[in-house]
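In full-length UniProt numbering, the protein residues as written are 1 to 164.
From the three backbone atoms N, C-alpha and C, an ideal C-beta is built for every residue, glycine too.
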Amino acid sequence: ILNDNSATQEQVNEAINILTDAIDNLVKKDDVEEVNKTILAMAIEYVQNLKANGELEGVVPAVIKELEAALKEAKEVLANENATQAQVDIGEKRLINVIHMLEFKVGDKTKLKELVEIIKILDESKYTTSTWNALQVELEKADKVIEDENAMEEEVAKTYESLN
């Protein structure tokens, strides 16, 4: 525009606006936010090691699903050069929260299943109606626990005790 003698005032004003915006968007080195991704990187590495060593066996499937989602998000934030500290903190917190849930182990349902099978072959005519009905209520609960892939150890144990 400076060297164009035929430039209109409108073109000059537009060039001024573009340059002004560019100057306004300049960021001084001192103004750049220091983003610390150390803990996020350590949490990602920890989870990857758990997975590689097979240490997620027996963990409730719902927790595994959340772990995979949190890990994916954390890796994306770690790879993002423009991630803010707030984004890093959110990814870090989510992944660490899921790590704490890894203690939620699926209960072994073998004994419960065996007990349910024994109960199902009992002869109803040999028991009072009230006790038989009470047993059927507990049996329904046991069937639900057996079907629940996320049933944890404590829930399986309590259900077994209520039938036994």
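*How would you write the range of the alpha helix (DSSP H) that Gly91 sits in, first residue to last?*
For Gly91, the enclosing alpha helix (DSSP H) has its first and last residue at 85-100.
*Rounded separation between Ala134 and Gln48 - CA only*: Approximately 47 Å between the Cα atoms of the pair.
*Residues near residue 167 in its chain [Cβ-Cβ closer than 8 Å; skip 5 each side]*: With the chain covering 1 to 164 only, the question about residue 167 has no answer from this structure.
*Under a three-way DSSP split, which group does Lys105 fall into?*
Three-state result, Lys105: strand.
*Simplified DSSP state of Val35, which is helix, strand or coil*: It is coil, neither helix nor strand.
*asked:* In whole angstroms, give me the CA-to-CA distance for Val77 and Ala41.
replied: Approximately 10 Å, taken between the alpha carbons.
*Using a Cβ-Cβ cut-off of 8 Å (strictly less than) and excluding sequence neighbours within five positions of Asp108, which residues of its own chain qualify?*
For Asp108, where only same-chain residues beyond five positions count, the Cβ hits under 8 Å are Glu153, Val156.
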